[in-house]
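In the UniProt record's numbering, the protein residues as written are 1 to 119.
Think of the CB as a built atom: it goes at the ideal place given N, C-alpha and C, for glycine as much as any other residue.
The structure appears right after this line, and notes come after that.
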Amino acid sequence: MTEHEAAWPPADIELALDYDSDIDSDSEEIRDAKGNLITDEYVRDAISDVHRAIDEGRVPTPTGRPGRPSLTGESTHSPRVSFRVPEELRERAKARAEKEGKSLSALAREAFEQFLSAG
(Lines of atoms letter the chains of each structure in order from A; the text may use other names.)
(Lines give C-alpha, C1' and ligand atoms only; values in the text may rest on other atoms or scores of the structure.)
Protein backbone atom coordinates (compact mmCIF):
# COMPACT_ATOMS: atom_id res chain seq x y z
CA MET A 1 0.00 0.00 0.00
CA THR A 2 1.05 3.56 -0.68
CA GLU A 3 1.96 5.60 2.35
CA HIS A 4 0.14 8.92 2.35
CA GLU A 5 2.02 11.89 3.74
CA ALA A 6 -1.07 13.84 4.70
CA ALA A 7 -4.03 12.66 6.71
CA TRP A 8 -7.00 11.35 4.75
CA PRO A 9 -9.39 12.93 4.11
CA PRO A 10 -7.73 16.35 3.73
CA ALA A 11 -8.98 18.93 6.19
CA ASP A 12 -10.89 20.82 3.49
CA ILE A 13 -12.91 17.76 2.43
CA GLU A 14 -15.70 16.34 4.53
CA LEU A 15 -16.62 12.76 3.69
CA ALA A 16 -19.99 12.51 5.37
CA LEU A 17 -23.63 12.38 4.47
CA ASP A 18 -25.26 15.79 4.58
CA TYR A 19 -28.21 15.35 6.88
CA ASP A 20 -29.00 19.08 6.61
CA SER A 21 -29.84 18.89 2.90
CA ASP A 22 -33.26 19.60 1.45
CA ILE A 23 -33.75 15.94 0.58
CA ASP A 24 -36.20 14.12 2.78
CA SER A 25 -34.32 10.85 3.21
CA ASP A 26 -37.44 9.12 4.54
CA SER A 27 -39.51 9.66 1.41
CA GLU A 28 -37.19 10.48 -1.50
CA GLU A 29 -34.87 8.10 -3.28
CA ILE A 30 -31.59 9.32 -4.73
CA ARG A 31 -30.06 7.36 -7.58
CA ASP A 32 -26.74 7.58 -9.40
CA ALA A 33 -26.37 7.96 -13.18
CA LYS A 34 -26.78 4.18 -13.62
CA GLY A 35 -29.98 4.07 -11.60
CA ASN A 36 -28.47 2.53 -8.44
CA LEU A 37 -30.09 3.61 -5.18
CA ILE A 38 -27.69 5.73 -3.12
CA THR A 39 -27.69 4.61 0.50
CA ASP A 40 -25.30 5.02 3.44
CA GLU A 41 -23.73 1.68 2.44
CA TYR A 42 -23.35 2.89 -1.18
CA VAL A 43 -21.50 6.00 0.02
CA ARG A 44 -19.24 3.97 2.37
CA ASP A 45 -18.42 1.58 -0.50
CA ALA A 46 -17.67 4.48 -2.86
CA ILE A 47 -15.30 6.03 -0.34
CA SER A 48 -13.58 2.67 0.15
CA ASP A 49 -13.23 2.34 -3.64
CA VAL A 50 -11.54 5.75 -3.82
CA HIS A 51 -9.13 4.81 -1.02
CA ARG A 52 -8.33 1.51 -2.76
CA ALA A 53 -7.74 3.27 -6.11
CA ILE A 54 -5.34 5.72 -4.43
CA ASP A 55 -3.49 2.92 -2.66
CA GLU A 56 -3.19 0.94 -5.90
CA GLY A 57 -1.86 3.97 -7.77
CA ARG A 58 -4.83 4.15 -10.13
CA VAL A 59 -5.57 7.74 -9.10
CA PRO A 60 -2.87 10.33 -9.72
CA THR A 61 -1.82 12.10 -6.57
CA PRO A 62 -1.31 15.86 -6.70
CA THR A 63 2.29 16.95 -7.15
CA GLY A 64 1.74 20.21 -5.34
CA ARG A 65 1.98 22.27 -8.51
CA PRO A 66 -0.80 22.20 -11.10
CA GLY A 67 -0.16 22.66 -14.77
CA ARG A 68 1.33 21.03 -17.81
CA PRO A 69 4.06 18.38 -17.73
CA SER A 70 7.63 19.55 -17.28
CA LEU A 71 9.62 20.16 -20.46
CA THR A 72 12.55 18.24 -18.95
CA GLY A 73 10.48 15.10 -18.48
CA GLU A 74 11.24 15.21 -14.77
CA SER A 75 8.90 16.28 -12.02
CA THR A 76 10.31 19.82 -11.93
CA HIS A 77 8.44 22.98 -12.85
CA SER A 78 9.18 24.52 -16.24
CA PRO A 79 9.20 28.31 -15.86
CA ARG A 80 7.19 30.47 -18.25
CA VAL A 81 8.35 33.42 -20.33
CA SER A 82 5.69 35.57 -21.91
CA PHE A 83 5.81 38.72 -24.00
CA ARG A 84 3.51 40.69 -26.25
CA VAL A 85 3.82 40.81 -30.04
CA PRO A 86 1.91 42.59 -32.80
CA GLU A 87 -1.02 40.58 -34.21
CA GLU A 88 0.69 40.27 -37.62
CA LEU A 89 3.79 38.68 -36.06
CA ARG A 90 1.64 36.27 -34.06
CA GLU A 91 -0.26 35.23 -37.20
CA ARG A 92 3.00 34.67 -39.10
CA ALA A 93 4.38 32.57 -36.23
CA LYS A 94 1.16 30.58 -35.97
CA ALA A 95 1.21 29.84 -39.73
CA ARG A 96 4.87 28.76 -39.52
CA ALA A 97 4.18 26.50 -36.54
CA GLU A 98 1.27 24.85 -38.38
CA LYS A 99 3.41 24.42 -41.51
CA GLU A 100 6.13 22.71 -39.45
CA GLY A 101 3.61 20.62 -37.50
CA LYS A 102 4.44 22.02 -34.08
CA SER A 103 2.83 24.19 -31.47
CA LEU A 104 3.33 27.93 -31.31
CA SER A 105 5.07 27.40 -27.96
CA ALA A 106 7.54 24.91 -29.47
CA LEU A 107 8.30 27.31 -32.32
CA ALA A 108 8.81 30.18 -29.87
CA ARG A 109 11.14 28.06 -27.69
CA GLU A 110 13.24 27.13 -30.73
CA ALA A 111 13.42 30.74 -31.94
CA PHE A 112 14.35 31.99 -28.46
CA GLU A 113 17.08 29.33 -28.16
CA GLN A 114 18.48 30.17 -31.62
CA PHE A 115 18.52 33.88 -30.80
CA LEU A 116 20.33 33.37 -27.51
CA SER A 117 22.82 30.89 -29.02
CA ALA A 118 23.70 33.36 -31.79
CA GLY A 119 24.44 36.18 -29.36
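Same chain, Cβ closer than 7 Å to residue i, neighbours up to 5 away in sequence not counted
| i | result |
| --- | --- |
| Asp-32 | Ile-38 |
| Leu-104 | Ala-93, Lys-94 and Ala-97 |
Residue range of the alpha helix (DSSP H) that includes residue i
| i | result |
| --- | --- |
| Ser-117 | 104-118 |
| Ile-47 | 40-55 |
| Leu-37 | It is not in any alpha helix (DSSP H) - Leu-37 carries neither H nor E in the DSSP assignment. |
| Ala-95 | 87-100 |
Close beta carbons around residue i, own chain, < 8 Å, minus the five adjacent residues each side
| i | result |
| --- | --- |
| Leu-107 | Ala-93, Arg-96, Ala-97 and Glu-100 |
| Ser-70 | Thr-76, His-77 and Ser-78 |
| Val-59 | Val-50 and Ala-53 |
| Asp-45 | none |
| Val-85 | Ala-93 |
Residues near residue i by beta carbon distance below 6 Å, same chain, minus five either side
| i | result |
| --- | --- |
| Tyr-35 | Note that residue 35 is Gly in the sequence shown, not Tyr. Nothing listed; no residue qualifies. |
Three or more C-beta pairs under 8 Å: does that hold for the stretch 73-83 against the stretch 92-102? No, they do not touch.
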